[in-house]
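According to our numbering, the sequence shown is numbered sequentially starting from 381.
All C-beta atoms in this analysis are idealised placements derived from N, C-alpha and C, irrespective of residue type, glycine included.
Being a predicted model, the structure only gives us computed values, none of them experimental.
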Amino acid sequence: MDFFSEPALRELILRREGSRCFYCLKSLGPSTFVIEHVLSRPTGANGYRNLVAACISCNNRKGALSAGDFVRMLYRDGFLSEKELAQRLSQLDRLAAGELKPDVTGLFLQAESVVAGEGAASQEAAQPRDAADAQTTRAADP
Ligand SMILES: [Zn+2]
C-alpha cells in the first residue's frame, strides 16, 4: 500500500499520530500536515514504517538529518522536553520495528461491502432456505 500518495492512507497516518506532528508534537489539522519520509527517498519506501505525519516547519527543517538527529535538535532548541525526546526516540524504534501499523480495518470493511453489494447476495440467501426445507421434510418422514 502506498501511504504517501493515497489520500485515505495519508489520513490514517495522521490519525495514528493522534493528529500531532510526529517530531515536535504540534497539533495538526487536515490541511496543515505533510506526510514525511523518515528515511528520505530514494532509499526510504512509501510504507507505513517509513512515513509519519509532520508539520510543515519540521518537514522543511529536517532536511537531510536522520529522524533521530532531528528530534535531538528539536530538544536542544527547546521544542521538546527531555521526556518528550525519549518518547520520540522510542516511537522511532517502534516505527522501524513495524509496531505502528495504522488502523486500516475501516478501509477493508468498506471495500468488502462494495463487493458484497454487486448482486451476489440474492443467490446466497436462497441456499440456506432450501437446506432448511430439506431438513424439515426429512424430519417429518416417519
Ligand atoms: Zn513539527
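A check of alpha carbon separations from T412 across R456, S420, E462, A433 identifies A433 as the nearest. With respect to the C-alpha of S446, the residue from L487, Y403, P387 having the closest C-alpha is Y403.
Under the criterion of beta carbons closer than 8 Å, E416 and L392 do not qualify as touching, at roughly 15 Å. Under the three-state reduction of DSSP, S407 is assigned to strand.
In this structure the stretch 437–445 does not lie against the stretch 467–476, because fewer than three pairs of beta carbons, one per stretch, are closer than 8 Å. In the DSSP assignment, E416 falls within the unbroken beta strand (DSSP E) covering 413–417.
When rounded, the separation of the alpha-carbon atoms in R390 and G458 is 28 Å.
Around ligand 1, the residues selected by a Cβ distance under 6 Å to any of its heavy atoms are C401, Y403, C404, K406, A434, C435, S437, C438, following chain order. Within the model, the alpha-carbon separation for L475 versus R429 is close to 5 Å.
Scanning G424, L405, D382 for the CA closest to the CA of Q471 turns up L405. About 4 Å separates the CB atoms of N426 and F384; that is less than 8 Å, so the two are in contact. For A476, the enclosing alpha helix (DSSP H) has its first and last residue at 462–476. Beta bridge pairing from DSSP links C438 with no other residue.
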